[in-house]
Amino acid sequence: MPYAIGIDVGGTNIKYGIVDAGGEILHEGLRATARVLDELKAIITELGEVAALKGLSVEGIGIGVPALMDGEVVTGCGANLPEIEGLALGSMLQRYARLPVVIDNDASLMGLAELRFGAAKGLTDVVFLTVGTGVGGALVVNGGLYSGYRGRGGELGHIRVAFPGRPCGCGASGCLEAHASVKALSRDYADAGGNAGSDGRLIFSRYLAGEDAAVVAMHHHFAYLGSGIASLINIFSPQKVIIGGGITEAGGDYIGPIRQEALRLAMKETAAQTLIEPALLGNKAGFLGAAALVFGEVF
Ligand SMILES: [Zn+2]
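Its first residue numbered 51, the sequence shown is counted upward by one per residue in my numbering.
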């Protein structure tokens, strides 16, 4: 059985593990994100030792970063992770690890994990959305990950759902991320009279309990997500739209109201084959997808 190291570099934490080709996790860990390069080297050393102890032969290292990959170069993460912006990170780490290193956008890798091991297994056309502090996404088109020319597209969180709408971190306004992220939800909740600084799971649990401010805020959230997903269905007519992120794991029917709104707005013809479902792999999807990248093509 082949094994790979998967590493998911986030703004707050780095999650990592040793994974086999069937998606089984043999060892996993988590470190706070501080000095990214030092952390990555320490993780590679740690996992190399674990693999040696367990007698596992590791084929390579996959890494997910919250950035776009223009060939070898990490770009577009200057605001969150300035340390790795503009670096040819793969070849740097490859020299250190003496193993092949492959790197891709973290949201794309979460999609790849669901495709290889999770909710999208066996499918060829899928839209993934991750609802967190921001809204990330990935596309599988005709059986392959699609992220535009030179990897610079696939920014599903920045389709516009309102005009002029709220200012967005990308410099535009009215983006799905500006209206339907958990950050936007917290703001809507505070504006409706709820406690400032409440997280998504808490707001959702209060919505389920019928609290007024939470009901107002969640209705906004569902409406904007449903609207964005309807546009994505009209363009891609996917077999599934898969929604992940911490808030989707809070229990209760989070997907139901989004599904209802998206299917109300999408064209009947484009939505005819589309299921809208929660992701299955939770916060392990990032490093599982990074490991899957090492194992190569899914089909
Ligand atoms: Zn934007």
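Where a beta carbon is used, it is the ideal one built from N, C-alpha and C, also for glycine.
These numbers were taken from a predicted model, which means no experiment stands behind them.
Using the C-alpha atoms, what's the distance from Cys218 back to Gly72? One C-alpha to the other measures close to 39 Å.
From this set, Ala240, Glu74, Glu327, which residue's C-alpha is nearest Asp262's C-alpha? When C-alpha distances from Asp262 are compared across Ala240, Glu74, Glu327, the shortest belongs to Ala240.
What residue does the alpha helix (DSSP H) around Asp262 start on, and which one ends it? Residues 262–286.
Could you tell me whether the region 153–166 touches the region 182–192, using the rule of 3 or more Cβ pairs below 8 Å? Proximity of the region 153–166 to the region 182–192 meets the contact definition, three or more beta-carbon pairs being nearer than 8 Å.
Based on the DSSP output, what are the partners of Val350 in its beta bridges? Outside the shown range of the chain (51 to 349) lies residue 350, about which nothing can therefore be said.
At a cut-off of 6 Å, would you count His229 as near ligand 1, judging by its Cβ distance to the nearest heavy atom? Checking every heavy atom of ligand 1 against the Cβ of His229, none is found closer than 6 Å.
Measuring straight from C-alpha to C-alpha, what distance separates Pro150 and Ala340? Going by the C-alpha atoms only, they are around 13 Å apart.
Which partner residues of Gly201 appear in the DSSP bridge assignment? When beta bridges are read from the DSSP output, Gly201 appears opposite no residue.
Ile153 and Leu139: beta carbons closer than 7 Å? Yes; because the gap between Cβ atoms is below 7 Å, this pair is in contact.
Can the beta-carbon of Asp175 be found closer than 7 Å to that of Gln289? It is a contact, given that the beta carbons lie within the stated cut-off.
Give the secondary structure of Val348 by DSSP, where H, G and I count as helix, E and B as strand, and everything else as coil. With a pLDDT of 45 at Val348, under the threshold of 50, the modelled position of that residue is not reliable, and no figure is offered here.
Decide if the region 124–141 is in contact with the region 305–313; the criterion is three or more beta carbon pairs, one per stretch, under 8 Å apart. With a cut-off of 8 Å, the region 305–313 and the region 124–141 do not count as touching, because too few Cβ pairs lie within range.
Kindly examine ligand 1 and report whether one of its heavy atoms sits closer than 6 Å to the Cβ of Ala225. Note that residue 225 corresponds to Cys in the displayed sequence, not to Ala. Correct: Cys225 has its Cβ closer than 6 Å to ligand 1.
For Ala300 and Arg251, what's the separation of their Cα atoms in angstroms? Their backbone Cα atoms lie some 6 Å apart in a straight line.
Taking just the CA atoms, how far does Gly105 sit from Ala312? Rounded to whole angstroms, Ala312 to Gly105 spans 49 Å at the Cα level.
Give the DSSP-derived three-state secondary structure of Ile209 in the structure shown. Reduced to three states, the DSSP call for Ile209 is coil.
In whole angstroms, give me the CA-to-CA distance for Ile111 and Gly56. When rounded, the distance between both Cα atoms is 6 Å.
When we look at the beta-carbon of Met317 and count the other beta-carbons within 10 Å, is it buried (16 or more) or exposed? That one is exposed.
Can you tell me whether Cys127 sits near ligand 1, meaning its C-beta is under 6 Å from at least one heavy atom of the ligand? Remark: the C-beta of Cys127 is outside contact range of ligand 1, defined as less than 6 Å to any heavy atom.
Taking the straight line between their C-alpha atoms, what separation do you get for Tyr257 and His269? When rounded, the distance between both Cα atoms is 9 Å.
Rounded to a whole number of angstroms, what is the C-alpha to C-alpha distance between Ala92 and Ile134? Distance between Ala92 and Ile134, taken at the CA atoms: about 16 Å.
Count the other CB atoms within 10 Å of the CB of Pro132; is the residue buried (16 or more) or exposed (fewer)? Pro132 is exposed by the Cβ-count criterion.
Relative to the C-alpha of Val115, which candidate in Leu87, Gly247, Gly302, Ser277 has its C-alpha closest? The shortest C-alpha separation from Val115 is found at Leu87.
How close, in whole Å, do the beta carbons of Ile292 and Ala170 come, if the pair is a contact with beta carbons under 8 Å? Ile292 to Ala170, Cβ: 6 Å. Contact.
Residues near Thr298 in its chain [Cβ-Cβ closer than 6 Å; skip 5 each side]: The residues are Tyr304, Pro328.
DSSP beta-bridge partners for Gly187? Leu179, per the DSSP bridge assignment.
Please return the same chain residues whose Cβ sits closer than 8 Å to the Cβ of Asn63, not counting the five positions on each side in sequence. Within the same chain, Asn63 has close Cβ partners Leu80, Arg81, Ala82, Thr83.
Pop quiz: Asp58 and Gly336 are said to be a contact at Cβ under 8 Å. What is the actual Cβ separation, rounded to whole angstroms? That pair is a contact at about 3 Å.
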